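S.K.: Just so you know, we're using my numbering here: the sequence shown kicks off at 46 and counts up by one.
Think of the CB as a built atom: it goes at the ideal place given N, C-alpha and C, for glycine as much as any other residue.
Owing to the predicted nature of the structure, the values given are computational and were not obtained by experimental measurement.
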Amino acid sequence: MSEKSSTFPIIVLILAIAMIGFGTYNLLKIPDTKYPQFQGAFTLHSGDKTVSFSDLAGKVSVVFFGYTHCPDVCPATLVNFGKALKMLDDDERSKVRAVFISLDHERDTPETVSKYTRFFDPEIIGLTGNAEEVTAAAKAFMVPLEKNAPNTRGNYTMNHGTYLYIIRPDGKLGELASHKDSAEKIVASLRAWIKWAE
Numbered sequence: 046m047s048e049k050s051s052t053f054p055i056i057v058l059i060l061a062i063a064m065i066g067f068g069t070y071n072l073l074k075i076p077d078t079k080y081p082q083f084q085g086a087f088t089l090h091s092g093d094k095t096v097s098f099s100d101l102a103g104k105v106s107v108v109f110f111g112y113t114h115c116p117d118v119c120p121a122t123l124v125n126f127g128k129a130l131k132m133l134d135d136d137e138r139s140k141v142r143a144v145f146i147s148l149d150h151e152r153d154t155p156e157t158v159s160k161y162t163r164f165f166d167p168e169i170i171g172l173t174g175n176a177e178e179v180t181a182a183a184k185a186f187m188v189p190l191e192k193n194a195p196n197t198r199g200n201y202t203m204n205h206g207t208y209l210y211i212i213r214p215d216g217k218l219g220e221l222a223s224h225k226d227s228a229e230k231i232v233a234s235l236r237a238w239i240k241w242a243e
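#1: Can you grab the Cα-Cα spacing for the pair L235 / D134, in whole Å?
#2: Among T173, T154 and V105, which one has its Cα closest to the Cα of T88?
#3: Just the C-alpha distance for A185 and N196, rounded to the nearest angstrom, thanks.
#4: What separation, rounded to the nearest whole angstrom, lies between the Cα atoms of G103 and R138?
#5: Within its chain, find whatever has a CB closer than 6 angstroms to the CB of G111; leave out the 5 residues flanking it on each side and keep chain order.
#6: Assuming G171 contacts S99 under a Cβ cut-off of 8 angstroms, what Cβ separation, rounded to an integer in Å, is found between them?
#7: Would you tell me roughly how many angstroms separate the C-alpha atoms of T202 and A242, rounded to the nearest one?
#8: Please classify D136 as buried or exposed, where buried requires at least 16 other C-beta atoms within 10 Å of its C-beta.
#9: Who are Y210's beta bridge partners in DSSP?
#10: Tell me the rounded alpha-carbon separation between K140 and V96.
#11: From K131 to D215, what does the alpha carbon distance come to, in whole angstroms?
#12: Under the assumption that V107 contacts I239 (Cβ atoms under 8 angstroms), give the Cβ distance between them as a whole number of angstroms.
#13: Helix, strand or coil for A143, going by three-state DSSP, please let me know.
#14: Considering only their Cβ atoms, is the gap separating V105 from F165 smaller than 8 angstroms?
#15: Per DSSP, which one or two residues make a beta bridge with H90?
#16: Could you tell me if R198 is buried or exposed, where buried requires 16 or more neighbouring beta carbons within 10 angstroms of its beta carbon?
#17: Does DSSP classify N193 as helix, strand or coil?
#18: Take V144 as the anchor and find which of T154, F126 and D153 has the nearest alpha-carbon.
#19: In angstroms, rounded to a whole number, what distance separates the CA positions of G85 and A228?
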């Protein structure tokens with residue numbers, strides 16, 4: 046075997062390692078989200094504060110849409126997400142913001158939503174607003190907002206989407222988590238974005 050042919054595999058190996066290293070650096074430092082970015086801005090209210098879209102920056106924020114009269118998906122998701130938050134240590138929790146937005150402006154008040162979210166975890170911020178404010182929030186996240194026909198008692202359900210929106214500290218959408226994801230999977234995603242922001 047010639048000297049030239051014997052060194053060729055070594056060169057290929059070095060180039061491969063360099064490419065893997067560069068790809069890993071890009072993944073950890075400058076990820077390019079595959080999701081569409083937010084459209085527009087909004088302002089909503091909790092029991093004691095007003096929150097705008099810009100306020101979600103600075104931490105890893107997780108946003109979930111629903112309503113307090115939701116019979117199944119919302120409470121199940123919030124129970125699971127509350128469990129995920131409890132799996133984070135104190136330092137990690139200080140870098141995460143959890144937000145639940147009610148789209149049912151007819152029945153849910155800021156005070157009602159705040160009380161509702163505290164049942165699942167005291168640090169989950171419950172928000173809602175009037176018809177215009179709620180519509181703006183749904184539009185910003187491209188979330189479906191549809192009130193279904195009421196039953197004979199006047200009760201109704203709503204279509205509101207089931208994703209958890211994980212927002213990077215720079216205010217851009219980092220990841221969409223499913224409401225069916227385990228608490229362990231959600232925690233792994235949160236820790237990955239916390240690490241990315243360091």
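M.R.: In short:
#1: Along the sequence shown, one-based indexing puts residue 235 at 190. Along the sequence shown, one-based indexing puts residue 134 at 89. Straight-line Cα distance between these residues: approximately 12 angstroms.
#2: Taking the sequence shown and counting its residues from 1, one reaches residue 88 at position 43. The residue with the shortest Cα to Cα distance from T88 is T173.
#3: As a position in the sequence shown, residue 185 is number 140, starting the count at 1. As a position in the sequence shown, residue 196 is number 151, starting the count at 1. Approximately 30 angstroms, taken between the alpha carbons.
#4: Reading the sequence shown from its first residue, position 58 is the one you call residue 103. Reading the sequence shown from its first residue, position 93 is the one you call residue 138. Computed Cα separation, rounded: 13 angstroms.
#5: Looking up residue 111 in the sequence shown gives position 66. Taken in chain order, the residues that qualify are C119 and H205.
#6: Stepping through the sequence shown from its first residue, residue 171 is reached at position 126. Stepping through the sequence shown from its first residue, residue 99 is reached at position 54. Their Cβ separation, rounded to whole angstroms, is 19 angstroms, which puts G171 and S99 out of contact at 8 angstroms.
#7: Locating residue 202 in the sequence shown gives position 157, counting from the first residue. Locating residue 242 in the sequence shown gives position 197, counting from the first residue. In a straight line, the C-alpha of T202 is about 38 angstroms away from that of A242.
#8: On the sequence shown, residue 136 is found 91 positions in, with the first residue counted as 1. Exposed: under 16 other Cβ atoms inside 10 Å.
#9: The sequence position of residue 210 within the sequence shown is 165, counting from 1. Bridge partners of Y210: V108 and L221.
#10: As a position in the sequence shown, residue 140 is number 95, starting the count at 1. As a position in the sequence shown, residue 96 is number 51, starting the count at 1. Approximately 17 angstroms, taken between the alpha carbons.
#11: Locating residue 131 in the sequence shown gives position 86, counting from the first residue. Locating residue 215 in the sequence shown gives position 170, counting from the first residue. Cα to Cα, the separation comes out at about 24 angstroms.
#12: In the sequence shown, the residue the question calls residue 107 occupies position 62. In the sequence shown, the residue the question calls residue 239 occupies position 194. The beta-carbon distance between V107 and I239, rounded to whole angstroms, is 12 angstroms. This is too long to meet the 8 angstroms contact definition.
#13: Translated into the one-based positions of the sequence shown, residue 143 becomes position 98. Strand at A143.
#14: On the sequence shown, position 120 is the one that residue 165 refers to. On the sequence shown, position 60 is the one that residue 105 refers to. No, they are not a contact pair.
#15: Taking the sequence shown and counting its residues from 1, the one referred to as residue 90 is at position 45. DSSP lists T95 and T173 as partners of H90.
#16: As a position in the sequence shown, residue 198 is number 153, starting the count at 1. Burial call: exposed.
#17: To locate residue 193, count along the sequence shown from 1; it is residue 148. Note: N193 maps to coil in three-state DSSP.
#18: In the sequence shown, the residue the question calls residue 144 occupies position 99. Answer by Cα proximity: F126.
#19: For this step, residue 85 is matched to residue 40 along the sequence shown. For this step, residue 228 is matched to residue 183 along the sequence shown. Roughly 30 angstroms separates the two Cα atoms.
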